[in-house]
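What follows is one structure encoded as structure tokens, with my remarks underneath.
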Amino acid sequence: MPGRAAAERIRKAIALVNSVADGAGDEDITPTEIAESIRDCLELREIDDIANVRRYLGEALDAVSDGMPADFVAMTLYAALGSLREGSPAG
Amino acid sequence: MSSAEGRGRTVDEAVDAALIELKESRRNVDIKVISETQEEAVVEVTVIDHAAAAASGSGAVPANGKAEVARGLVEGLLKHMGVRAQVTVRPSSEPITLDISGRDLGALIGWRGETLRALQSVTNVMVGRHLAEGERIIVDVERYRQRREHTVREIAMRAARQVKMTGDAITLDAMQPFERRAIHLALEGDPDVTSGSVGEEPERRVVVGPRKPAAE
């Protein structure tokens, strides 16, 4: 299925962010780890086949760098996941 | 508002006992776990006064400004999404909890609650400037989140019983952060077992194991 690997990586990034937001209390997650998981998503070439995914991931990475709230980062990642699901080919 | 205390071997059984007494269904009540031990669970089940909730939700009695702002925003968002649903503020809930109810809202919950979680993130971003630091809004659809928390607590208690019998640690299925948190909270008072998490998101799992006696 196209975009499956990307969806898995985005879900991983979302889960990390949600761990911070929900205060799961069973691990310390640093912004660096979240940024790394988003960069893992950006490394996949398949995201270029689908409109807006790279853009949203870039915005999420910027949000982490800027210290934006976890919910804002999560929302942007959900937007990337949503675009991936819609799967509209770029261009 | 009528309420009843329920007792049973598990939280579910205790809730059922109270529901029978109240002659109500699960979707119309608020459940508070009073105590939960290996032998017995005690819950307080309160019937939700929909009329009062709707009145506070409609802005007639803005008991809580932040909750009202959040309720209005979520209602507007759902309208834009073309979802017909009622949004109410869960009475006396801390943190502020919005309940969304209506027909055929499965799509709003999504796969493993993913859409619901996304909706909650959007809600918190929208309401963010009205909230104090660290304060959050919880969004629940048809009490899905509450039911999941009860379910995972049941799983935790079962796992704890098994660990005590066998002395072996048990690794549970991968769960979401709020579910893992519910398990840690359910077991933190148990002197015989301990809980921790292993693995990486989204495959992170809770391990329930025997508590090692403190070295003398």
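From first to last, the protein sequence lines stand for chains A and B. Going by our numbering, the letters in the first sequence line up with residues 1 to 91, in that order. Going by our numbering, the letters in the second sequence line up with residues 1001 to 1216, in that order. All C-beta atoms, glycine included, are put in the ideal place defined by N, C-alpha and C.
Pick from B:E1005, B:G1006 and B:T1010 that is closest to B:E1154, judged by C-alpha positions: Along the second sequence, read from residue 1 onward, the residue named residue 1154 of chain B stands at position 154. With distances taken between Cα atoms, B:E1154 lies closest to B:T1010.
Distance CB(A:S19)-CB(B:P1177) smaller than 8 angstroms: The residue given as residue 19 of chain A occupies position 19 in the first sequence. The residue given as residue 1177 of chain B occupies position 177 in the second sequence. Yes, these two residues count as a Cβ contact at 8 angstroms.
Proximal chain B residues relative to A:A99, where beta-carbon distance stays under 7 angstroms: Outside the shown range of chain A, which is 1 to 91, sits residue 99 of chain A, and nothing can be said about it.
Minimum Cβ-Cβ distance from B:Q1146 to chain A less than 8 angstroms: Against the second sequence, residue 1146 of chain B aligns to sequence position 146. Not an interface residue.
Per-residue contacts from A:S65 into chain B (C-beta, under 7 angstroms): In the first sequence, the residue the question calls residue 65 of chain A occupies position 65. Chain B residues near A:S65: none, gap ~17 angstroms exceeds 7 angstroms.
Supposed contact pair B:E1005 and B:V1033 - C-beta distance, whole angstroms, cut 8 angstroms: The sequence position of residue 1033 of chain B within the second sequence is 33, counting from 1. The sequence position of residue 1005 of chain B within the second sequence is 5, counting from 1. For a cut-off of 8 angstroms, the C-beta gap from B:V1033 to B:E1005 is around 11 angstroms, too long to register as a contact.
Anticipated Cβ contact below 8 angstroms, B:E1135 with B:P1091, distance rounded: Sequence index remark: in the second sequence, residue 1135 of chain B carries index 135 (1-based). Sequence index remark: in the second sequence, residue 1091 of chain B carries index 91 (1-based). About 18 angstroms; that fails the 8 angstroms criterion.
Ordered list of alpha helix (DSSP H) runs contained in the segment 1062-1130 of chain B, each at least 4 residues: Under the rule that a run must span 4 or more residues, the alpha helix (DSSP H) segments found entirely inside the segment 1062-1130 of chain B read 1065-1081, 1106-1109 and 1114-1127.
Where B:E1013 falls: helix, strand or coil (DSSP): Here residue 1013 of chain B refers to the residue found at position 13 of the second sequence. Shown here, B:E1013 sits in a helix according to DSSP, grouped into three states.
A:A6 beta carbon less than 8 angstroms from that of A:L44: Here residue 44 of chain A refers to the residue found at position 44 of the first sequence. Here residue 6 of chain A refers to the residue found at position 6 of the first sequence. Cβ distance < 8 angstroms, so A:L44 and A:A6 count as in contact.
8 angstroms CB neighbourhood of B:R1205 in its chain, flanking five on each side removed: For the purposes of this step, residue 1205 of chain B is taken as the residue at position 205 of the second sequence. Cβ contact annotation for B:R1205 (same chain, cutoff 8 angstroms, sequence separation greater than five): T1171, L1172, D1173, A1174, M1175, S1197, V1198 and G1199, in chain order.
Exposed unless 16 or more other CB atoms sit within 10 angstroms - verdict on B:G1106: In the second sequence, residue 1106 of chain B corresponds to position 106, counting from 1. The residue is exposed, with fewer than 16 neighbouring Cβ atoms inside 10 Å.
N-terminal and C-terminal residue of the alpha helix (DSSP H) that A:L77 is part of: Counting from one through the first sequence, the residue named residue 77 of chain A turns up at place 77. First-last of the alpha helix (DSSP H) with A:L77: A70 to E86.
Whole-number beta carbon distance between B:V1163 and B:V1208, since they are thought to touch under 8 angstroms: Within the second sequence, residue 1208 of chain B is the residue found at index 208, counting from 1. Within the second sequence, residue 1163 of chain B is the residue found at index 163, counting from 1. About 5 angstroms separates the Cβ atoms of B:V1208 and B:V1163, confirming a contact at the 8 angstroms cut-off.
As assigned by DSSP and simplified to three states, the class of A:T109: Summary: the structure shown does not reach residue 109 of chain A, with chain A confined to residues 1 through 91, and so no result is reported for it.
B:V1127 vs B:V1069 beta-carbon contact at 8 angstroms: Here residue 1127 of chain B is taken as the residue at index 127 of the second sequence, counted from 1. Here residue 1069 of chain B is taken as the residue at index 69 of the second sequence, counted from 1. Yes.
Residue span of the alpha helix (DSSP H) that contains B:T1151, given as start and end: Taking the second sequence and counting its residues from 1, the one referred to as residue 1151 of chain B is at position 151. Its alpha helix (DSSP H) spans residues Y1144 to T1166.
Close-in-space but distant-in-sequence residues of the same chain around B:L1098 (CB under 8 angstroms, 5 per side omitted): Residue numbering aside, residue 1098 of chain B sits at position 98 when the second sequence is read from its first letter. The answer, listed in chain order, is A1067, A1070, R1071, V1074, V1087, T1088, V1089, R1090, T1123, I1137, I1138, V1139 and D1140.
Cβ pair B:E1142, B:S1101 closer than 8 angstroms: Locating residue 1142 of chain B in the second sequence gives position 142, counting from the first residue. Locating residue 1101 of chain B in the second sequence gives position 101, counting from the first residue. Result yes, Cβ atoms of B:E1142 and B:S1101 sit closer than 8 angstroms.
For B:L1022 and B:R1181, the rounded distance between their alpha carbons: As a first step, residue 1181 of chain B must be located in the second sequence, where it is residue number 181. As a first step, residue 1022 of chain B must be located in the second sequence, where it is residue number 22. Distance between the alpha carbons of B:R1181 and B:L1022 is about 30 angstroms.
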